[in-house]
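Chains as they are written, first to last, in the numbering used here: chain A, -19 to 181; chain B, 38 to 216.
Let me begin by presenting the structure, written as structure tokens, before commenting on it.
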Amino acid sequence: MSECPGRLIAWLDTELPSEEAAAIEQHVSSCRMCRERIAMYRRIDADVRAYRKSVMEAKFHRRAGEWLLASGAAAFAAAGVLALFTVVPPAQVAPPPGPAGPLVARPPVHPNELAGLVPPRVQRAEVQAVPKRVMKPSRTHRAASATGLADLNWVPAEPAIEIVIPAEAVFPPGAIPEGVSFNANLTIGADGFPQRLRLWP
Amino acid sequence: MGSESVRLVLPFGHLGTGPCEVTTLYRELRHPLLRYLVCLGLSADEAQDVVQDTFLALHQHVTAGGSKENVRGWVFRVAHNRARNRQKSYNRRFAAELDAEAVSMAHEVTPERTAIEKERSRQLKEAIDTLSDNERACLLLRAEGLRYREIGDALDIPTSTVSDIVDRAIKRLAERCHE
């Protein structure tokens, strides 16, 4: 076994062809040194798992504390807009002017972008003709998507619905420059109730 | 809904083609990819940026008809290269300080950890830092469940060398942590 140290770890990782694996298994059963080596592999594997876990907990839990206020503010704003949907009758929405054309002619949308998991950078490139500030995904936006380990495991319900609302339908006249639209990602749960709402310009 | 209802864009037609596979891969690989990147030394923000960039690239790759063979290796390779590019352009000492802080914060979050565990974590962190780039990457990719062929694709090294590199990395960690 010493002439090819990688064979033992390959056997442990089930990377060897079946015949070679069977030969090594037979050898291991009668070789104390190889069994001790396997025990070492398993010890280090456990240490590496613990290390990875501690790094993840530290890096994402620390950020969760810093972004608690920002995510709370974003959630409050999202709740306010959601309330607007349910309380105020939705106004007639005309398609935004310019090369973007009618809503149904928008370029294909990535399903992940619908769920807000991936910022629609591709979409922003498509609507550069509309005069507005192109923003990188802000900390506030990311805060709403990754405030802790729980969000890392969050899986969006399907299907997600994208709503494009001209700003003049939401804000008072003149409050927002003409042609600005907000994107809202509304995720509907299996029970039919909204699960998550994210807004970005 | 009446005539005053909001028009909705429902791209269901796009869910049955390439982007659906990307969605599935995103769900499967997002967490392992994030974990791999932060263990390489990226901050949480950088890791999330790299993950987003990687899956955007995957989406473009799939919709352009790119090869779907060994996609997991492809995803980790793109993420690994982007992480390396970021690390080259940032101060390595800054990343190292973040890692040290991360280990320290982990201890603060679990104050009940014994002194022995704290010392073990510190030793392991230092030992991992002494590994070569390939040794560290092979070890971490293997910890994320990648097969040797996927690791070889991700790091652009022959598959036959992955087992030797992993064995060497584990031996070095064992010598430093368990001597």
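For each residue, glycine too, the CB sits at the ideal point set by N, CA and C.
| Asked | Found |
| --- | --- |
| Beta carbon proximity, residue 115 of chain B to chain A, threshold 9 Å | no |
| Minimum Cβ-Cβ distance from residue 171 of chain A to chain B less than 9 Å | no |
| Segment limits, alpha helix (DSSP H) that includes residue 103 of chain B | Careful: residue 103 of chain B lies outside any alpha helix (DSSP H) and carries neither H nor E. |
| Anticipated Cβ contact below 8 Å, residue 117 of chain B with residue 174 of chain B, distance rounded | 7 Å |
| Start and end residues, alpha helix (DSSP H) containing residue 186 of chain B | 185 to 192 |
| Residue 27 of chain A, buried or exposed, once every other Cβ within 10 Å from all chains shown has been counted against 16 | buried |
| Integer-rounded CB distance, given that residue 183 of chain B should sit under 8 Å from residue 123 of chain B | 21 Å between Cβ atoms; not a contact. |
| Integer Cβ distance of residue 93 of chain B from residue 84 of chain B, believed to fall under 8 Å | In fact, because the Cβ distance is near 15 Å, the residues do not count as touching under 8 Å. |
| Spatially closest choice to residue 107 of chain B from B:206, B:192, B:213 and B:187, by CA coordinates | B:187 |
| Min CB distance residue 177 of chain B to chain A below 9 Å | yes |
| Residue -10 of chain A: contacting residues in chain B (beta-carbon distance under 8 Å) | 185 and 200 |
| Residue nearest to residue 17 of chain A in terms of C-alpha spacing, selected from A:-14, A:170, A:37 and A:175 | A:-14 |
| Candidates B:87, B:79, B:80 and B:99, of which the one nearest residue 61 of chain B by Cα | B:99 |
| C-alpha gap between residue 32 of chain A and residue 63 of chain B, whole angstroms | 20 Å |
| Sufficient close CB pairs (3 or more, under 8 Å) joining the stretch -12 to -5 of chain A to the stretch 195 to 210 of chain B | yes |
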